[in-house]
Structure formats: C-alpha cells, structure tokens
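Reading through the structure tokens given below for one structure.
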Amino acid sequence: MEKSYIVKQISIFSENRPGRLAAVACALRDAGINIFAFSIAEADGFGVVRALVDRPDDAHRTLTDLGFRVSFTDVIGVKMRDEPGGLSDIASILGDAGINIEYAYAYSGKDGAVLILRVDQVEDAIRQILGRGGELLKASLSR
Amino acid sequence: MAPWNPRMEEMPPEELRRLQFKLVKSLVYRLYSFNDFYRRRMKEQEVHPDDIRTLEDVAKLPFMYKADLRDGYPDRIFSAEQNELVRYHVSSGTTGKPTVVGYTERDIENWSESLARGFSSCGLGRGDVIQVSYGYGLFTGGLGAHYGAERVGATVLPTSVGNTERQIELMQDLHVTAIACTPSYLLHMGEVAEKMGVSIRNDTDLRMGFLGAEPWSEQMRTRIEDWLGIRAYDIYGTSELSGPMFTECTEQQGIHVWGDLALVEIVDPATGEVLEAGEQGELTITMLQKEALPMIRYRIGDLTAVEEGACACGRTHPRIGRIRGRVDDMLIIRGINVFPSQVEHVLLEIPQVGRHFQIVVDRKGALDSMLVRVEVSEEAFSDKITELMVIKRAVEHRLRSSLNVSVDVELVEPGSLPRFEGKSKKVVDRRSL
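As you go down the protein sequences, you meet chains S and B in turn. Numbering-wise (UniProt numbering), the first sequence opens with residue 1 and increments by one. Numbering-wise (UniProt numbering), the second sequence opens with residue 1 and increments by one.
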C-alpha cells in the first residue's frame, strides 16, 4: 500500500561548472522526457541534480549512456495547501513522529503545491501523513 | 671570496683530473675486491678494474640507480661495517621502500668540508649567524647545512622547518645574517614577516640565503633578491650523495662540484651515452671518497649541463647549471618528492573513486598547492552531498598520510578526466618558478 506512494527520483552527479545542467536538460529533452520537479544541491566543486521525471528508467538509461553518474532515490511527494501554514502542517506531522527530513524541495504545479521529501523512514512517513489526513502523489505518475 | 681550501679549490685542471683518476682507480679496485654488489655489477658489464686506464674509461663502468639502493635495503650494499658508521639518514620512501644512507666519520668530514668550501665561497664565515630552516632528522638538509656552517665558524641557529613567526622573531633578535631553506619557504617567510609588520630587507640583518631542495629559476632568484635585499645562492645535493653538498659562489654562475669528492658526467637519459660539456642531460655522479656507501655512476635523474671553463672566482672545478627538470615524472611539492604513481597507488585502494586521476600543481602565494581530481565510482555515488563530502575528505586524508603533503581533492564526473594511450600526462603544473 505504502509502496505505491514511493516516487523514484533520479539523482545526477555534476561538476559545478558552466554547461553541465544544460547537458542534462538537453539529453532529457532529446529523449522526450518531461521534468516536473527538480533541484540542485551544491558542494565544494560539484553538485547533485535531483529530478522527478515522467519516465525515470528511460532518463536513467539516457543519462548513464552519456557518461553521467546517475542513481535512483526513493522520495515522497506531499500535496501542500498553497497558503500560509501549508509547509508547517507537513513538517509538523513528520517532526511529531520523529522522522527526519534529509532534504526537500517544492514546486507549485497545475494541481497545486507539492513538497518533495527525502526522509530517513519512507514507509513510516507515508503512514503518518496519510493517517493525519495528508495527500500524497501516486508513484504511478512517474512510470 | 677567499677559498676555504685554496690548494684544492684552485688546483690546475690537469692536476685535478690526475687526482680524480687516482681516486677512481683506487675506488674501483677497493669495491671490486671487497664489495659483492659492485663486483657482480662489473662482471656483468665485463669490465675489470684493470680496464680503467684513463679518466674517460669511467664510461665503461656500470650505472647505478635508486632501485639498487632500494633493492639493497637497508644496508646490503654498504662497504663499511656497522661499527664504523657514525650516522644514518633515511629518505622519505616516497616511491616505495625508503633508502638508507650510512656515514663513516670520514664521510661526515668530507660532507662538511664540501659545504664549508661552498659556504665560504659565498662569504659565510666567523661572525655570521645562519638560520638553518631545512628539516632536521632523517632528512639530510638540516644536519648537512648545520655541520657545514659550523665548520666555517658561523653560529648556527637550528630552527628547522615551521613555526614561521617565531623564526622571524629569532632572525631579528639574534641578528641572523644567512639562511638555509627552500626558496619557497623563504618567500613564505617574507610574506609572514610583512603580515607581522617586519620587512626582511629593512628590519633584519639577513644578507644571504642558501636555497635548494626544490627546483627554482633565475626569475625567482631575482624576485627573492630584489624583495628581501639578500643574495640568493643555489645549493644542491641528494641524500644518496650525502645530502646538500654543493653551492654556487658569489659569481652565481653554476654550482661548483668539487672534483676531488665527486666526478660529474652528463649522460643521454635514453642511451646512457656520455654527453659533451654544455649539453643538457642526466646528471650522473661518482662519489670518489665515500666510505660507507660509495656511488659509481649514480644516475640521479636531474637534468642539467656541465658548465665549461674555470669560474671567474678562480675556482677550477666543474660547475653544473640549474636543474631543468627530471628524467622521471617526479614532482617536488613544498620540498617533498611526489610521484604520480604514488597517487595512483593510493587511489587504487579506495573503491569509491575510479583509477583515473589528474594532478594539478599550483603556487598559492609562496607555497605549492596540489589538487587531485578523481572520478566518483558508480557504487559510491549517492545523492547525499554529505556522503560525497565524506568520500572527498577520506581521499584527501589517505593521500596526505601517504605523500606527507596536504592535498585537495576534487570529485569530477566519470569520463571527464583525460584518458591516454601509451605515456600518460597526468600532471598539470601551473607553477611559475
């Protein structure tokens, strides 16, 4: 049951220099893959591009073939109220349950705002959010 | 400047050659008779001591390499008994096993004599205070300079390396007039001094430096001399020869290699053929009077040329020019020898990174910096920045403890480092000396 809410995010290792994001984005464009959320985390000289795409397996293959280091990460997408307090509702649920957020990023799409979360206990987080009346993205939206 | 040993230093060239021939002859006979290693080598080369009839016949003798010292670790090719030794020095072992050099009392005597001649040719003597900022210990630099300076009657301040602010205070308080250290350390000292509000040129008595243990150029000499208001002299040696042994004189026209102690040949690094004076090649030295660890035709690996003619200072011995580089791919980072193969060796033991790498050497301020770029392996890639940083730091730590030099590591994308067929070029050296 919880499994159906686990979304496969692709993570791409990238050097922190001009043109690298363009290379990733062009490859996905050429393969006809849609990105609906993404973020970049940067460190000392390198970064990690994290993206939710409509066809993660194809994206993984396409980028790997180009020589990128790519991995899958399990994340969840929580629908947020697009108004003050939306983020705090969700963060509080997880905080109360003792679940740690490793990182998060958000987007506001046509169906409303979504918070993408990587947490240390994925299935527990899903149960807690659903149990407290929260709404999650179905993993099936990215096939 | 007046010679320390005028009879020897100003010996007419022909007489010097006769002396060298006599020394080579007795060295070869001694080793052939009493040293298994050299006897075997000479037999393999089908040369007998009787075949050495002129000084040029030295070219018939077999070469000796660093690998011979390593294979003979620790003291299998020594030609003195342990109870005759008064000291050991040990190399850092950067390419594998360290090499051990033993010294008899007479070896230390000759080493000090060699440097005494060099130091006094630059005007160092009684009344001078010399700060020896080369490392003391297993490394030959500190103690070598120390004994040479004491021999000429200078007062030695054995500061060794590091604690730069204290070194500058002492330089002022004790009226230091000379320093022995690496050129880059002296530049670093100059910068630290300025931060302390001290001008080495105006606020100290420093007037000369014996700089070596790493390659440097005429431009760097000019910079040091103009900035610090001193005369900067090149000093040369390696632990296999004893340690730092030879310096320039005030003419600054090449390093005087005392012919009664060492016989210099410049050979073609590829063919081993002896080259003419003035031609660039690999420095090859025969130590004519060493007792504990003699050296016949030792290929040092440094590229240089022998300067022709007597020096304007009146000394007649051969001189070698500035070291132009290395035959192998050895790098010298802050005075420490580093081989790219060592970096490879360390990386092969770390599964989180691939085996391709690139070394970028630069000079930040006065000090060398070394960056190693590595590719993250597939298994190790995680989307967590913290885990990648842990890998980066672990690689830095492993490299630092193996090379004895601090290293920055940069994680790069797989396949982004140049691949080579045949001889690789893994080092980008951006230093301008």
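Just so it is clear, CB atoms sit at the ideal spot from N, CA and C, and this is done for glycine as well.
| Check | Outcome |
| --- | --- |
| Enumerate in chain order the residues of its own chain whose CB-to-CB distance from F37(B) is below 6 Å, with the five nearest sequence positions on each side excluded. | I77 |
| Give a yes or no on whether the minimum CB-CB distance between P18(S) and chain B is below 8 Å. | no |
| I want to verify the contact list: residues of chain C whose CB lies under 9 Å from the CB of T62(S), in sequence order. | Going by chain labels, chain C is absent from the structure shown, which instead holds the protein chains S and B. |
| From G254(B) to F34(B), what does the alpha carbon distance come to, in whole angstroms? | 36 Å |
| Measuring straight from C-alpha to C-alpha, what distance separates G197(B) and R166(B)? | 14 Å |
| Which of the three DSSP states, helix, strand or coil, is assigned to N34(S)? | coil |
| Please classify C26(S): is it buried, with 16 or more other beta-carbons within 10 angstroms of its beta-carbon, or exposed? | exposed |
| Can you find a CB in chain S that lies within less than 8 Å of the CB of D57(B)? | no |
| Which residues, taken in chain order from the stretch 188–209 of chain B, show a beta carbon closer than 9 Å to some beta carbon of chain S? | none |
| From the beta carbon of G354(B), is the nearest beta carbon of chain S less than 8 Å away? | no |
| Could you have a look at R17(S) and say whether DSSP puts it in helix, strand or coil? | coil |
| So V407(B) packs on E396(B), CB below 8 Å; how close in whole Å? | 6 Å |
| State yes or no: is the C-beta of E282(B) within less than 8 Å of the C-beta of I266(B)? | yes |
| Can the beta-carbon of V24(B) be found closer than 8 Å to that of L288(B)? | yes |
| Contact criterion: CB-CB distance below 8 Å. Does V395(B) meet it with respect to chain S? | no |
| Which complete alpha helix (DSSP H) runs does the stretch 132–207 of chain B hold, if anything under 4 residues is left out? | 140–151, 164–173, 183–195, 200–203 |
| G144(B) and G125(B) look like a contact to me (Cβ under 8 Å); what is the Cβ gap, rounded to whole Å? | So it is not a contact: roughly 18 Å between Cβ atoms. |
| Classify S71(S) as helix, strand or coil using the three-state DSSP reduction. | strand |
| Can you name the residues of chain B whose CB is closer than 7 Å to the CB of R55(S)? | Ordered by position in chain B, no residue passes the 7 Å Cβ test against R55(S), which lies about 19 Å from the chain. |
| Any idea if T54(B) is buried or exposed, counting beta-carbon neighbours within 10 angstroms, 16 or more meaning buried? | exposed |
| Closer than 7 Å by beta-carbon distance: list the chain S residues that pair up with D383(B), in chain order. | S11, V48, R50, S71, T73 |
| Below 8 Å, how does it come out for the stretch 94–102 of chain S and the stretch 110–130 of chain S: are there three or more Cβ pairs, yes or no? | yes |
| Among the residues of its own chain, which have a CB less than 7 Å from the CB of D51(B), if the five just before and after it don't count? | D57, K60 |
| With C-beta atoms as the reference, is T159(B) less than 8 Å away from H89(B)? | no |
| Mapping the DSSP letters down to three states, classify Q358(B) as helix, strand or coil. | strand |
| Quick one: which chain B residues come within Cβ less than 9 Å of G67(S)? | E413, P414, G415, S416 |
| Considering only the beta carbon of each residue, do V361(B) and D429(B) sit closer than 8 Å? | yes |
| Mind reading off the beta-carbon distance from A193(B) to I168(B)? Whole number of angstroms is fine, and I expect it under 8 Å. | 5 Å |
| Among the residues of its own chain, which have a CB less than 8 Å from the CB of T104(B), if the five just before and after it don't count? | A80, E84, L85, V86, E291, A292 |
| Look at the alpha carbon of R431(B) and the alpha carbon of R29(S), and state the distance between them as a whole number of angstroms. | 42 Å |
| Sort out for me which residues DSSP pairs Y103(B) with in a bridge. | R87(B) |
| Mind checking who G112(S) pairs with in its DSSP beta bridge? | G109(S) |
| So, does the CB of L41(S) fall closer than 8 Å to a CB anywhere in chain B? | Sequence check: residue 41(S) is Ala here, not Leu. True, the Cβ-Cβ gap to chain B drops below 8 Å. |
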